[in-house]
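Trainee: Mind having a look at this structure? Questions to follow.
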Amino acid sequence: IYQCDWSSDVCSSDLSGLRGERPSFYGLNMGLCLPFAVGLALAFPKRKVLAIDGDGSLIIETSSLITAAEVNPPNLVAVVFDNGHYTDMGETATSRRTDLEKMAQGAGMLRTVTTRSLEEFGREAKAAFAEPAMTFIVAKVERDERPPVVGNYLHRSERAMKESFVDALRRLPDYPGRK
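Letter by letter, the sequence shown follows residues 8 to 186 of this note's numbering.
Here it is in C-alpha cells:
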C-alpha cells in the first residue's frame with residue numbers, strides 16, 4: 008500500500024503508471040502524506056506501507072513526525088525526497104540549515120537515515136522493507152525537470168481516486184472491516 012504527496016502532478020503520473028489499480032492514494036494536500044500513511048500502517052499491520060513525501064510537504068506538517076514516532080508502526084517506511092525546493096514557490100528551509108532526519112530523531116524516531124546517492128538509497132530502501140521497524144529515509148535529490156512518465160497515467164478526480172482506493176482496500180483479505 009502506498010500514499011504519496013510529493014509534487015502531486017509528478018507523483019500522480021509516475022506512480023500511477025507503476026502501480027496501476029493496486030491500493031494507492033496520491034496527490035493529497037501538502038502535509039497529509041505521513042499522517043495518512045500512519046493511519047494505513049495501523050489499519051493494516053501485516054502489510055508494509057510506503058509513504059512518499061517531499062520536503063516542502065513534510066515541512067507543512069512537521070508535527071506528524073511526533074505522531075509517527077509515538078505510535079511507531081513497524082510496517083511503515085517513510086521516504087522524503089528532499090530537493091530543497093517547493094515546486095513553484097522557491098527554496099524550502101532544507102536548502103539552508105533545516106535537517107529533516109534530525110527533526111525525525113528529535114521526535115523520537117529510532118531508525119532514520121539520509122541518503123545522498125542512488126546506491127545508498129537502494130541499500131537503505133531494501134533494508135527498510137526487510138526489517139520490521141518503522142524507517143524514515145530522507146533522500147537528498149537534485150532539483151530537476153519533470154522526469155518522463157513511463158506507463159499509463161490514470162488521471163482521476165480526487166473523489167474517483169478516493170473511491171478507487173477504498174474499493175481496492177476492501178478487496179484485501181486483511182481489510183479490518185471484513186466480516
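A virtual CB, placed ideally from N, CA and C, is assigned to each residue, including glycine.
Looking at the secondary structure, which residues open and close the beta strand (DSSP E) in which residue 113 lies?
Mentor: Not the beta strand (DSSP E): residue 113 falls in the alpha helix (DSSP H), residues 107-114.
Trainee: Please report how far the alpha carbon of residue 1 lies from the alpha carbon of residue 178, in whole angstroms.
Mentor: This structure does not reach residue 1, given that the chain is present from 8 up to 186, and the question cannot be answered.
Trainee: Please report how far the alpha carbon of residue 149 lies from the alpha carbon of residue 133, in whole angstroms.
Mentor: 22 Å
Trainee: In angstroms with no decimal places, state the Cα-to-Cα distance between residue 194 and residue 56.
Mentor: As displayed, the chain neither begins before 8 nor continues past 186, which places residue 194 out of reach and without an answer.
Trainee: Can you list, in chain order, the residues of its chain with a C-beta nearer than 7 Å to that of residue 74? Leave out the 5 residues immediately preceding and following it.
Mentor: 42 and 45
Trainee: Have a look at 110, 60 and 47 and flag the residue whose alpha-carbon is nearest the alpha-carbon of residue 80.
Mentor: Nearest option by C-alpha distance: 47.
Trainee: Can you tell me whether residue 57 is helix, strand or coil according to DSSP?
Mentor: strand
Trainee: Could you check how far apart the C-beta atoms of residue 39 and residue 68 are, in whole angstroms? I think they sit under 8 Å.
Mentor: 7 Å
Trainee: Can you tell me whether residue 131 is buried or exposed, with buried defined as 16 or more other CB within 10 angstroms of its CB?
Mentor: buried
Trainee: Can you tell me whether residue 88 is helix, strand or coil according to DSSP?
Mentor: strand
Trainee: What is the DSSP secondary structure of residue 125, reduced to helix, strand or coil?
Mentor: helix
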